[in-house]
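Each remark here refers to the structure printed beneath this line.
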Amino acid sequence: MADNQGSTDLPRCQCGFDRTHGLVRPERHYSTLAMMMWIVGGAGTRPKSVDYRCPRCNTLIETVTDRAEMLKFC
Ligand SMILES: [Zn+2]
Numbered sequence: 000m001a002d003n004q005g006s007t008d009l010p011r012c013q014c015g016f017d018r019t020h021g022l023v024r025p026e027r028h029y030s031t032l033a034m035m036m037w038i039v040g041g042a043g044t045r046p047k048s049v050d051y052r053c054p055r056c057n058t059l060i061e062t063v064t065d066r067a068e069m070l071k072f073c
C-alpha cells in the first residue's frame, strides 16, 4: 500500500484516509467567546474542536478535541 505512512489504528474513511493523510484538511471550530477574542485581540486562540473530513467521500473521519492537539492550531 503506497498510502501507508506508518499510521497505526487511527479512524479511516472508506477511501482509507486517516487524519494524517495529506489530502485531509482540518476544519477548525471555535467557541463564540474564542472567536470574539480572536477578532478583538488576535491572541492565542485555540479551536474548540477540529474535524477531519475526507475531501473525496466527504466522510467525517475524526473529531479531535484533545487539548494537546488543539495547541498545534494556535
Ligand atoms: Zn474518503
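Each residue of the sequence shown is one higher than the one before, starting from 0 at the first, in numbering that gives the first Met the number 0. Here a beta-carbon is modelled for each residue, glycine too, at the ideal position from N, C-alpha and C. Predicted model, so just to flag it, every value in this text is computed and none were measured.
With respect to the C-alpha of R45, the residue from H20, F16, L22 and V63 having the closest C-alpha is V63. Taking C-beta separations shorter than 7 Å and ignoring five residues to either side along the sequence, the partners of I60 in its chain run P10, R11, C12, F16, D17, R18, V23, Y51, R52 and C53, following chain order. For R45, the shortest separation between its Cβ and any heavy atom of ligand 1 does not lie below 7 Å.
Counting only the Cα atoms, K47 lies some 11 Å from L70. When only Cα atoms are considered, E68 and N57 end up about 22 Å apart. Nearest to F72 by alpha-carbon distance, out of H20, R27, D8 and G21, is R27.
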